[in-house]
Amino acid sequence: MKHETELTLRDAQTTVDDWIKTVGVRYFNELTNMAQLTEEVGEVARIIARRYGEQSEKESDKNKDLGDELADVLWVLICLANQTGVDLTEAFQKNLDKKNIRDATRHLTNDKLK
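If you count by UniProt numbering, then the sequence shown holds residues 1 to 114, one letter each, in order.
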């Protein structure tokens, strides 16, 4: 199903919050969500390691959708942001600004990247 409008980070946070409060009943506590985030990142790591790494991919993993697993990571990350009061739009912009200042020439002058 393709959506006609794109979600901003702020829209995504609102959408997750609305879903949690109606369908999901309530947020899991922060520690539970942190454990869930770790679990979801592990699922992404498994796909990447086997599909792009040196291990062969198990038959049971061949139909795993990397995009869906990445979206699971994003979902739980958004849950954690919502329940801890983090505005991801603002946090991402500050982080990007920091990287642009700190790393303005760092990667351009890194001989390992040439």
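Glycine residues also receive a C-beta, built at the ideal position from the N, C-alpha and C atoms.
Alpha carbon of residue i to alpha carbon of residue j, nearest angstrom
i	j	result
Asp103	Lys114	16 Å
Asn82	Val23	16 Å
Glu57	Val44	13 Å
Asp18	Ser60	34 Å
Enclosing alpha helix (DSSP H) for residue i [first to last residue]
i	result
Ala35	30-51
Gln13	9-22
Asn110	No alpha helix (DSSP H) contains Asn110, which DSSP labels as neither H nor E.
Anticipated Cβ contact below 8 Å, residue i with residue j, distance rounded
i	j	result
Asp72	Glu40	4 Å
Cys79	Val25	Their Cβ separation, rounded to whole angstroms, is 13 Å, which puts Cys79 and Val25 out of contact at 8 Å.
residue 117	Leu77	Past the boundaries of the shown model lies residue 117; the chain is included only from 1 to 114, so the question cannot be answered.
Residue i (DSSP reduced to helix, strand or coil)
i	result
Val76	helix
Thr5	coil
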